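Chemist:
There are 2 protein chains.
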Amino acid sequence: MVGRIRALPGRRAALIAILAEGTGAMPGCLSYVVAEDLADPDAILVTEIWRTREAHAASLQLPAVRDAIVRGRPLIASFEPLAETRPVAGVR
Amino acid sequence: MVGRIRALPGRRAALIAILAEGTGAMPGCLSYVVAEDLADPDAILVTEIWRTREAHAASLQLPAVRDAIVRGRPLIASFEPLAETRPVAGVR
Numbered sequence: 000m001v002g003r004i005r006a007l008p009g010r011r012a013a014l015i016a017i018l019a020e021g022t023g024a025m026p027g028c029l030s031y032v033v034a035e036d037l038a039d040p041d042a043i044l045v046t047e048i049w050r051t052r053e054a055h056a057a058s059l060q061l062p063a064v065r066d067a068i069v070r071g072r073p074l075i076a077s078f079e080p081l082a083e084t085r086p087v088a089g090v091r
Numbered sequence: 000m001v002g003r004i005r006a007l008p009g010r011r012a013a014l015i016a017i018l019a020e021g022t023g024a025m026p027g028c029l030s031y032v033v034a035e036d037l038a039d040p041d042a043i044l045v046t047e048i049w050r051t052r053e054a055h056a057a058s059l060q061l062p063a064v065r066d067a068i069v070r071g072r073p074l075i076a077s078f079e080p081l082a083e084t085r086p087v088a089g090v091r
């Protein structure tokens with residue numbers, strides 16, 4: 000899945016740090032990339048690949064992820080889902 | 000970078016096959032994922048991570064990539080760039 004998170008003005012770096020911390024050991028997570036949107040100083044692109052929907056849902060219960068959500072949410076201005084996807088080819 | 004390619008109606012699978020063939024050995028390519036957009040039967044999400052802009056530009060001259068562009072272009076209805084990004088954290 001691909002989404003664009005807009006941080007509150009000036010808080011992108013702090014939000015990225017929180018997102019980065021929470022992405023360590025997440026069972027079933029095949030890829031989780033946090034990237035700066037070069038066209039928008041407040042925007043973050045998050046692209047995720049999970050083995051199953053269930054693995055993704057379960058990750059939201061992990062203590063580290065729950066903690067990141069609690070700490071990150073106050074820094075978030077908006078979340079724009081760009082696509083839910085099924086990877087079919089390519090290299091990671 | 001993240002982009003959404005819309006294939007002509009019914010031609011997504013053929014376009015994905017062409018995109019998949021062209022993504023083998025591309026120097027400087029850290030990640031290249033081709034995915035079906037689950038909300039649009041004609042749409043393909045391509046997410047790419049390159050070591051440098053120059054590496055990406057050079058890839059467009061590779062014979063396999065040039066061939067894929069020539070064969071794929073007739074199947075493309077539109078290309079929507081979603082973001083140009085700088086990956087800063089995460090796992091791949």
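So the sequence lines, in the order shown, correspond to chains A and B. Using numbering that gives the first Met the number 0, you'd call the opening residue of the first sequence number 0 and step up by one each time. Using numbering that gives the first Met the number 0, you'd call the opening residue of the second sequence number 0 and step up by one each time. The C-beta atom is built at its ideal place from N, Cα and C for all residues, glycine as well. If you're wondering where the values come from, they're calculated on a predicted model, not measured in any experiment.
1. Only counting the same chain, and skipping five residues up and downstream in sequence, which positions put a Cβ closer than 6 Å to that of residue 45 of chain B?
2. With residue 62 of chain B as the anchor, note down where its alpha helix (DSSP H) starts and where it stops.
3. Going along chain B, which residues have a C-beta under 9 Å from residue 7 of chain A?
4. Thinking C-beta only, is residue 41 of chain B closer than 9 Å to residue 127 of chain B?
5. Since I believe residue 74 of chain A is in contact with residue 7 of chain A (beta carbons under 8 Å), could you give me their beta-carbon distance rounded to a whole number of angstroms?
6. Within 10 angstroms of its Cβ, does residue 59 of chain B collect 16 or more other Cβ (buried), or is it exposed?
7. Let me know if residue 67 of chain A comes out buried or exposed under the rule of 16 or more other beta-carbons within 10 Å of its beta-carbon.
8. Could you pull the start and end residues of the alpha helix (DSSP H) that residue 81 of chain B belongs to?
9. Considering residue 34 of chain A, what are the terminal residues of the beta strand (DSSP E) in which it resides?
10. Are residue 27 of chain B and residue 51 of chain B close, meaning C-beta to C-beta below 9 Å?
11. Just how far apart, CA to CA, sit residue 5 of chain B and residue 48 of chain B?
12. For chain A, check one thing: does any of its Cβ atoms lie closer than 9 Å to the Cβ of residue 83 of chain B?
13. Determine the extent of the alpha helix (DSSP H) in which residue 42 of chain A is found, giving its start and end residues.
14. In chain B, what lies closer than 7 Å to residue 71 of chain A by C-beta?
15. Given a cut-off of 9 Å, decide if residue 38 of chain B and residue 56 of chain A are closer than it, judged by their beta-carbon atoms.
Modeler: In brief:
1. 2, 33
2. 62 to 71
3. Within 9 Å Cβ-Cβ: nothing; residue 7 of chain A doesn't reach chain B, min ~18 Å.
4. One cannot answer for residue 127 of chain B here, as it falls past the ends of chain B, which runs 0 to 91.
5. 6 Å
6. Residue 59 of chain B comes out exposed.
7. Buried: at least 16 other Cβ atoms inside 10 Å.
8. Segment 75 to 82 is the beta strand (DSSP E) holding residue 81 of chain B; no alpha helix (DSSP H) there.
9. 28 to 36
10. yes
11. One Cα belongs to residue 5 of chain B, the other to residue 48 of chain B, and the distance between them is close to 21 Å.
12. Yes, residue 83 of chain B counts as interfacial toward chain A.
13. Going by DSSP, residue 42 of chain A is part of no alpha helix (DSSP H) but of the beta strand (DSSP E) stretching over 42 to 49.
14. By Cβ distance, chain B contributes nothing, its closest Cβ being about 13 Å from residue 71 of chain A, past 7 Å.
15. no
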